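Trainee:
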Amino acid sequence: MNAWLPVLIPATSLIAALIIFFLDEENRRLRTFVNLTTASLKVLLVVFLFVGVSRGEDYRFTLSLFFGFDIVLHADALSLLFVSLSALLWLVTTIYAIGYLDVSHGHDRSRFFGFFSLCVSATTAIALAGNLFTFLFFYELLTITTYPLVAHRGGPDAIKAGRVYLLYTLGGGALLLVAIVWLKSIVGAAEFVTGGMLIPFVASHQTELTIIFTMLIIGFGVKAALVPLHGWLPVAMVAPAPVSALLHAVAVVKAGAFGIMRTVYDVYGAGVCTELGVRPWLAAVAAFTIIYGSVRALRQDDFKRRLAYSTVSQVSYIILGAAIIGPVATIGGLVHIFHQGIMKITMFFVAGNLAEELHIKKVSQMNGIGRRMPITMASFTIAACAMIGIPPMAGFISKWNLGLGAIVAEQEWVVAVLLGSTMLNAAYFLPIVYRAWFKEPDVEFDPPQNGRSLEIHPYLLIPPLFTALCVLAAGIFAGMPFSPLEWAKLIALREYGL
Amino acid sequence: MTQSSLLIWPVLLPLVLGTMMFLTRGRFVLLLSLAAAVGTALSSFSVCRAVQQSSTLVHEVGGWGTPLGIVLRADGLAAVMLGLSGLVGLIISVYSLTYFKSGSRKEHMFWPIWLLLWGGLNGLFVSGDIFNLYVTLELVSLGAIPLIALAGTHDAIKASLRYLLLALLGSMSYLFGVGLLYMRFGVLDLAMLSNVITPDLTVYAALALMTGGLIIKAALFPMHFWLPPAHSSAPAPVSAALSGLVVTASFYIVARLWFYVFPALELAKLGQLIGLLGCGAILWGGWQAIQQERLKMLVAYSTVSQLGYLFLVFPLCNTAVEGSGIAWSGSILFAVSHAIAKACAFLAAGVFIKVYGHDSISELRGAGRQLPMVTFAFAFAGVNLMGLPPSGGFVGKWMLLKAAFLTGQWWYGVVIVCGGLLAFCYIFRVLEQFMTAPDASAPMEKAPAVMTYSVLVLAVVAVSLGFYTPVLLSILGVDSPVSLVSFAPEVLLP
Chain A
1 MNAWLPVLIP ATSLIAALII FFLDEENRRL RTFVNLTTAS LKVLLVVFLF VGVSRGEDYR
61 FTLSLFFGFD IVLHADALSL LFVSLSALLW LVTTIYAIGY LDVSHGHDRS RFFGFFSLCV
121 SATTAIALAG NLFTFLFFYE LLTITTYPLV AHRGGPDAIK AGRVYLLYTL GGGALLLVAI
181 VWLKSIVGAA EFVTGGMLIP FVASHQTELT IIFTMLIIGF GVKAALVPLH GWLPVAMVAP
241 APVSALLHAV AVVKAGAFGI MRTVYDVYGA GVCTELGVRP WLAAVAAFTI IYGSVRALRQ
301 DDFKRRLAYS TVSQVSYIIL GAAIIGPVAT IGGLVHIFHQ GIMKITMFFV AGNLAEELHI
361 KKVSQMNGIG RRMPITMASF TIAACAMIGI PPMAGFISKW NLGLGAIVAE QEWVVAVLLG
421 STMLNAAYFL PIVYRAWFKE PDVEFDPPQN GRSLEIHPYL LIPPLFTALC VLAAGIFAGM
481 PFSPLEWAKL IALREYGL
Chain B
1001 MTQSSLLIWP VLLPLVLGTM MFLTRGRFVL LLSLAAAVGT ALSSFSVCRA VQQSSTLVHE
1061 VGGWGTPLGI VLRADGLAAV MLGLSGLVGL IISVYSLTYF KSGSRKEHMF WPIWLLLWGG
1121 LNGLFVSGDI FNLYVTLELV SLGAIPLIAL AGTHDAIKAS LRYLLLALLG SMSYLFGVGL
1181 LYMRFGVLDL AMLSNVITPD LTVYAALALM TGGLIIKAAL FPMHFWLPPA HSSAPAPVSA
1241 ALSGLVVTAS FYIVARLWFY VFPALELAKL GQLIGLLGCG AILWGGWQAI QQERLKMLVA
1301 YSTVSQLGYL FLVFPLCNTA VEGSGIAWSG SILFAVSHAI AKACAFLAAG VFIKVYGHDS
1361 ISELRGAGRQ LPMVTFAFAF AGVNLMGLPP SGGFVGKWML LKAAFLTGQW WYGVVIVCGG
1421 LLAFCYIFRV LEQFMTAPDA SAPMEKAPAV MTYSVLVLAV VAVSLGFYTP VLLSILGVDS
1481 PVSLVSFAPE VLLP
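Those protein sequence lines, which keep their order, are chains A and B.
For what it's worth, this note's numbering labels the leading residue of the first sequence as 1, then goes sequentially.
For what it's worth, this note's numbering labels the leading residue of the second sequence as 1001, then goes sequentially.
1) In terms of alpha-carbon separation, which member of Thr-194(A), Phe-477(A) and Gln-300(A) lies closest to Val-264(A)?
2) Would you please verify whether the beta carbon of Ser-121(A) is less than 7 Å from any beta carbon of chain B?
3) Take Pro-1199(B) as the anchor and find which of Cys-1425(B), Leu-1181(B) and Leu-1166(B) has the nearest alpha-carbon.
4) Going by the CB atoms, is the gap between Ile-212(A) and Ala-515(A) shorter than 7 Å?
5) Whose CA, out of Val-267(A), Gln-340(A), Leu-461(A) and Arg-296(A), lies closest to the CA of Thr-94(A)?
6) Report buried or exposed for Arg-109(A), applying the criterion of at least 16 other Cβ atoms within 10 angstroms of its Cβ.
7) Per DSSP, which one or two residues make a beta bridge with Met-1479(B)?
8) If you draw a straight line from the alpha carbon of Asn-425(A) to that of Ser-1331(B), how long is it in whole angstroms?
9) What residues of chain A sit near Phe-1424(B), judged by a beta carbon separation below 7 Å?
10) Using the Cα positions of Pro-484(A) and Val-83(A), report the straight-line distance between them to the nearest angstrom.
11) On the criterion of 16 or more Cβ atoms from any shown chain inside 10 Å, does His-1059(B) qualify as buried, or is it exposed?
12) Only counting the same chain, and skipping five residues up and downstream in sequence, which positions put a Cβ closer than 6 Å to that of Lys-304(A)?
13) For Phe-113(A), would you say it is in contact with chain B, using Cβ-to-Cβ distances shorter than 7 Å as the test?
14) Can you tell me where the alpha helix (DSSP H) holding Ala-297(A) begins and where it ends?
15) Could you please give the first and the last residue of the uninterrupted beta strand (DSSP E) stretch that includes Ile-1253(B)?
16) Find the nearest neighbour of His-205(A) within the set Leu-276(A), Lys-361(A) and Ala-286(A), judged by alpha-carbon distance.
17) When the Cα atoms are used, what is the spatial distance from Lys-42(A) to Val-1457(B)?
18) Do the CB positions of Gly-162(A) and Tyr-147(A) come within less than 7 Å of each other?
19) Using C-beta distances below 6 Å, list every residue in its chain close to Thr-62(A), excluding the 5 sequence neighbours before and after it, in chain order.
20) In angstroms, rounded to a whole number, what distance separates the CA positions of Ala-298(A) and Gly-1393(B)?
21) So, does the CB of Trp-232(A) fall closer than 7 Å to a CB anywhere in chain B?
22) For Met-366(A), does the count of other Cβ atoms within 10 angstroms reach 16, so buried, or fall short, so exposed?
23) Is the distance from the Cβ of Thr-143(A) to the Cβ of Leu-226(A) below 7 Å?
24) Taking only the alpha-carbon atoms, compute the straight-line gap between Leu-493(A) and Leu-469(A) and give it to the nearest angstrom.
25) Using 8 Å for Cβ pairs, my map puts Ile-345(A) next to Ala-255(A). What's the rounded Cβ distance?
26) Ignore the nearest five residues each way along the sequence and tell me which others in Ile-136(A)'s own chain have a CB closer than 7 Å to its CB.
27) What first and last residue would you give for the beta strand (DSSP E) that runs through Asp-70(A)?
28) Enumerate in chain order the residues of its own chain whose CB-to-CB distance from Leu-1492(B) is below 8 Å, with the five nearest sequence positions on each side excluded.
29) What is the residue span of the beta strand (DSSP E) that Glu-1060(B) lies within?
30) Find out if the Cβ-Cβ distance for the pair Phe-1374(B), Thr-1452(B) is shorter than 7 Å.
31) Can you confirm whether Ser-398(A), when its beta carbon is compared against all beta carbons of chain B, has any partner nearer than 7 Å?
32) I'd like to know whether the C-beta of Leu-1283(B) is nearer than 7 Å to at least one C-beta of chain A.
33) Do you know how far the Cα of Ala-1149(B) is from the Cα of Trp-1118(B)?
34) Using a Cβ-Cβ distance under 7 Å, would Ala-1437(B) count as near chain A?
35) Considering only C-alpha positions, which residue in the set Leu-198(A), Gly-231(A) and Ala-189(A) is nearest to Lys-160(A)?
36) According to DSSP, which residues form a beta bridge with Ser-86(A)?
This is how it looks when you write it as structure tokens:
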């Protein structure tokens, strides 16, 4: 049983995908049933895994492909952080996607939901990957399964977005392939080991290891949207809203950031990274990305593009956490994997709702929108305040730990970056909040269709509300056992061997 | 019946039944062809199994041993190839059941020649001496040429004639090499030859002639120019057989000669030359594939490109470097997965042609919605050609890349990766057309279910081949010329 649990978790959505591909386009009820059952089942399995791991059980599945090349799925503390995030948000996004595609306009829905499930299957497998080979295996799988989602609408924009997306991600993947094969030809195995596994090789292979590190960071940095590799992300905004939500919060961007985390902590190890002298560079790139993304976000009138640049900025907090030496900053980076996910997904749900219900896609059209869609905009407000870092919400916890960690590591300049970024966050999110609640509407908004009393279909309303509440809870209950913060502390303690 | 006599059936069955097909009429054609296909495939698989479970099978036909009689021999390499031809041949046969119009002249012509070709291929894989290799190679070429011409178009006939001339040139060169070796040593048997080979001028000349001739037949850059017109103008099942199996067979003979017969020779420089041609093939073929307007031409140029990877084994598999045996298993795996994926891609293209009446890439808009299963099949084949997981192409490419690093020839690694990037470009050029919304016009004809699902089966095998690596390696490891165990330095885990 202990071997099969890590397989079952990705397999649930794989099975869902296989069933859905063969379902008739119009068979909505069965498709919804399959989607929701498997998504809920996955959450249950993750809970089971969680309980097991915290009791000290070891879950490991190995499939040997050829000599020295094993597909290993293994649940450690870091993978649980990511796997629980993706299982939870997949369920929420599935509900949203059903509302988005099935209730209103939709075409090629079997294809959409099939690849949607495949994508999550790949993401959870990435989370559980126990070595670099397995990681790359599913990382590439993620790239190809998200392509049909990005290009889903099939118009010239969508096809172009798909092309840009592939160009970046497959290029990054090729670089990763070379880096990983090279690394393996030096060290043999490339298992993820808490605290790193390269200590015996540093002295003899310093140059090679530095080059490989750079290649790995560039390879993962494409998906993590590190500047200047972020170009695909704003273009990919033409995808349907649930896909954007998935891309930004759960799957693609997060997989890249997670890869960097794995590289720094479990392949190289915090100590080796310091010894090679690569961390200041990584910190500089991350800091630049944080500021650059925010500055670009300021000037976007298109709502989704503004959110996209905000993602560019926010994901680099995670990387910044990995780049600063010391456990406190690590906690800040790790916990932000979870926090950024729930905050950003809320915002994309909101963007989808506005576009779906009122065809509002620009910030300048959002005057007075809070009166027409109070719950949606309340969710947005919560997420925006959290993103800015107003206590006691999720974003504050991340920023506090990052800042504290920087001070402990005597890198005070990071605090300046964080403050600057916070100000910029406020500058591009607060005007939206202000417009929504305090400005008079420019036009009369259409009333809800079919005389509904709710502002929008419940399938589209519940997900953002739920994730917004999660954002609040993650901040308020940060001190409780099993909160993201507590879990991040546990990981950091193990990584630093404290 | 002893186990080794299993070896006869994959050769004899298609040859005999193929000859009988000339005399068959009406609905017996389908019945007999299905029986031949299933029988040949099953007998091939049983050879694979027998080799995996025991060891190399040797069969002396009619009880006459070497050097007088004909000896069939199936070691791990031959068994893998036999299994490959069994699988791809079976699917091609099933697909062809409905591809050709029932009772048509084309159908009547196709079956006997295809079965002869198939039997010739199987004979080639289990041949124990260099002269039988020649005979079976000729049988394969002489089967392939009329099959191309079967399409009946002006292009097809022109392409098949050009192919004929080059194939004859290649065979002649090979035969000349065989003659030199026979003159020098007086034996033809592969195993006997490998014991007596001495590095002298005659032997080098023979090797050069044989390799040169086979390179023409395997369409290695820059001798690839005949391949795209020939493979693209043939009927779809024939294209699949040519690109999947026939070119692979020529590569198989080169590999057989280099690693089993001539390992005593100093071949590093020649290996580098072939490696260089391989790199040229990967890059030029990939680049040309991107430029093509027609789907079958694109797939054919992709064959040119992918064949280049196979030939990288010659510079990368260096017995002096510990662990570079991984290049050997990598290139054979690559050959297997390419054959399956390429057959699948051509068969899928055949369905598109059948339904839409053309294969112009820019007009295949919306095929994803109208023919989802075939689109999936093509995409799966594409995943393999791009070398993405979990396909066999990924594992093969990984192994070749590893060998490039282990032998310190990183420039081959660069080419391997660039070839993959070119493959992304040409595969997604097609896939993105499939993603777009379809034009209003409905498909002209419905895709036959047999064709659709046989392609899909092959596609699923192609895309999941990476998971079968242990099985393939366990067969390939039987009497392998190099150690398949890779180099893995001890890792000091804390």
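Built from N, CA and C at the ideal position, the CB exists for glycine as well.
Remember, it's a predicted structure, so these values are computed and weren't measured experimentally.
Mentor: In short:
1) Thr-194(A)
2) no
3) Leu-1181(B)
4) Absent from the model: residue 515(A). The displayed extent of chain A is 1 to 498, so no value can be given.
5) Leu-461(A)
6) Buried, by the Cβ-count rule.
7) In the sequence as presented, Met is not what sits at residue 1479(B); that position holds Asp. None, per the DSSP bridge assignment.
8) 53 Å
9) Leu-166 and Leu-170
10) 12 Å
11) By the neighbour-count rule (16 or more Cβ atoms within 10 Å), His-1059(B) is buried.
12) Excluding positions up to five away in sequence, the list reads Met-237 and Ala-351.
13) no
14) DSSP places Ala-297(A) in the uninterrupted alpha helix (DSSP H) bounded by 279-298.
15) No beta strand (DSSP E) contains Ile-1253(B), which is instead part of the alpha helix (DSSP H) from 1247-1256.
16) Nearest C-alpha to His-205(A): Leu-276(A).
17) 29 Å
18) Yes, Cβ-Cβ distance for Gly-162(A) and Tyr-147(A) is below 7 Å.
19) Result list for Thr-62(A): Asp-70 and Val-72, in chain order.
20) For clarity, residue 298(A) is Leu in the given sequence; the question names Ala instead. Each residue's Cα considered, the two are about 45 Å apart.
21) no
22) Counting the other Cβ atoms within 10 Å of the Cβ of Met-366(A) gives 16 or more, which makes it buried.
23) no
24) 28 Å
25) 15 Å between Cβ atoms; not a contact.
26) For the record, residue 136(A) in the displayed sequence is Leu; it is not Ile. Result list for Leu-136(A): Leu-176, Leu-177 and Ile-180, in chain order.
27) 69-74
28) Summary for Leu-1492(B): the model assigns pLDDT 32, below 50, so the residue's position carries little reliability; its value from the coordinates is reported in the next sentence. Around Leu-1492(B): no qualifying Cβ.
29) 1057-1060
30) According to the sequence provided, residue 1374(B) is Val. The question's Phe does not apply to it. Against a cut-off of 7 Å, the Cβ pair of Thr-1452(B) and Val-1374(B) comes out as a contact.
31) no
32) Answer no: the Cβ-Cβ gap between Leu-1283(B) and chain A never drops below 7 Å.
33) 17 Å
34) yes
35) Gly-231(A)
36) Answer is none; Ser-86(A) lacks a bridge partner.
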